[in-house]
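> Chains A and B supply the protein sequences, listed in that same order.
Throughout the first sequence, residue numbering follows the numbering used here, covering 1 to 127 in sequence.
Throughout the second sequence, residue numbering follows the numbering used here, covering 128 to 236 in sequence.
Structure below; questions to follow.
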Amino acid sequence: MENNNPLSPHIQIYSWNISSLISISHRITGVINIIALTVVCLWIASLLLGESNYEYIKFFLQSIFGKFVILSLVWSFTFQILSEIRHLFWDFGYGFELKTSKISGLLVILGSFIFTTLIYLFNRQIL
Amino acid sequence: MINATKKWIFIKASSLVFLPLMTWFIISLVSIYDKEYVDVISFFSTQPAKFLTSLLMVVAFFYSSLSISEIFEDYIHHEKTKNVATKTLYVIAIIIPLITIIIIFNLTI
Chain A
1 MENNNPLSPH
11 IQIYSWNISS
21 LISISHRITG
31 VINIIALTVV
41 CLWIASLLLG
51 ESNYEYIKFF
61 LQSIFGKFVI
71 LSLVWSFTFQ
81 ILSEIRHLFW
91 DFGYGFELKT
101 SKISGLLVIL
111 GSFIFTTLIY
121 LFNRQIL
Chain B
128 MINATKKWIF
138 IKASSLVFLP
148 LMTWFIISLV
158 SIYDKEYVDV
168 ISFFSTQPAK
178 FLTSLLMVVA
188 FFYSSLSISE
198 IFEDYIHHEK
208 TKNVATKTLY
218 VIAIIIPLIT
228 IIIIFNLTI
């Protein structure tokens, strides 16, 4: 059967604001996160290769680049969590007012960086 | 109930389970990612990590595949390409968690 649903216009035609920034970031982080979870699955699978082979993975994860990758993933997951909580509030009918929407959008952005920093520092026992 | 409504309910229900599981996992991931082989394998071999990681993989891939299929719906214009992309995504979302769960339940120190 022919699907006559209208397609979304390309994102470039919209002027940027906090809501559109969060919306597109929510989608991008969603795609990044499923790829990241696939990599996590490969990481778990790599444990089957034995201790000597795992040394290469450990070497990567202990490097500066490895730590950067993990920190980036934590941010991406945290952003997705906070943004999804914002969506859930909308689903229950709260936070649709323009001002509230802008504030909650800013909270998602700021919160993602704050929680990423706190999670990393607490777990590395730096705080 | 129309399919779009069912899909929306599935996305929202899975997100409610996904959020606490993902929070637990990122905290755990930061704690163990650069640890020794024995420490990492001990983490995934013991309960509740074994159960929670397995549940996370099922829910996360279920939730993500439904969410990404919405992106396909919005941006892929060609109907056949969209159907193939969506079906491929659903197959991947079943296979990867299934293999991971089998691996997790076969990990031994």
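Virtual Cβ for every residue (Gly too), placed ideally from N, Cα, C.
Can you have a look at residue 128(B) and say buried or exposed, based on whether 16 or more other CB atoms are within 10 angstroms of its CB?
Indexing the second sequence from 1 puts residue 128(B) at position 1. Looking at its Cβ environment, which holds fewer than 16 other Cβ atoms inside 10 Å, residue 128(B) is exposed.
> By how many angstroms is the C-alpha of residue 191(B) removed from the C-alpha of residue 143(B)?
One-based indexing of the second sequence puts residue 143(B) at position 16. One-based indexing of the second sequence puts residue 191(B) at position 64. When rounded, the distance between both Cα atoms is 13 Å.
> For a contact defined as C-beta to C-beta under 8 Å, what are the partners of residue 86(A) on chain B?
Here residue 86(A) corresponds to residue number 86 of the first sequence, with the count starting at 1. Per Cβ cutoff of 8 Å: no residues; residue 86(A) is ~11 Å from chain B at best.
> By DSSP, does residue 139(B) sit in helix, in strand, or in coil?
Position 12 of the second sequence, counted from the first residue, corresponds to residue 139(B). Three-state result, residue 139(B): helix.
> Buried or exposed for residue 37(A), going by 16 or more other Cβ atoms inside 10 Å?
By 1-based counting over the first sequence, the position of residue 37(A) is 37. By the neighbour-count rule (16 or more Cβ atoms within 10 Å), residue 37(A) is buried.
> Give the secondary structure of residue 128(B) by DSSP, where H, G and I count as helix, E and B as strand, and everything else as coil.
For the purposes of this step, residue 128(B) is taken as residue 1 along the second sequence, with counting starting at 1. DSSP places residue 128(B) in coil when its eight states are reduced to three.
> Is there a C-beta anywhere in chain B that falls below 8 Å from the one on residue 54(A)?
One-based indexing of the first sequence puts residue 54(A) at position 54. Yes, residue 54(A) counts as interfacial toward chain B.
> I want to verify the contact list: residues of chain B whose CB lies under 7 Å from the CB of residue 77(A), in sequence order.
Counting from 1 along the first sequence, the entry for residue 77(A) is found at position 77. Those within 7 Å of residue 77(A) in chain B are 149, 153.
> Give the residues of chain B in contact with residue 120(A), contact being defined as C-beta atoms less than 7 Å apart.
Taking the first sequence and counting its residues from 1, one reaches residue 120(A) at position 120. Residues of chain B passing the Cβ test: 157.
> Pairing CB atoms from the region 97–117 of chain A with CB atoms from the region 174–194 of chain B, are three or more of them under 8 Å?
No: fewer than three Cβ pairs fall under 8 Å.
> When Cβ atoms are compared, which residues of the region 11–33 of chain A fall closer than 7 Å to chain B?
Cβ contacts with chain B: 27, 30, 31, 33.
> Can you tell me where the alpha helix (DSSP H) holding residue 84(A) begins and where it ends?
Taking the first sequence and counting its residues from 1, one reaches residue 84(A) at position 84. Run containing residue 84(A): 64–91, per the alpha helix (DSSP H) assignment.
> How would you label residue 83(A), buried or exposed, when you count the other beta carbons within 10 angstroms and need 16 or more for buried?
In the first sequence, the residue the question calls residue 83(A) occupies position 83. With 16 or more other Cβ atoms within 10 Å, it is buried.
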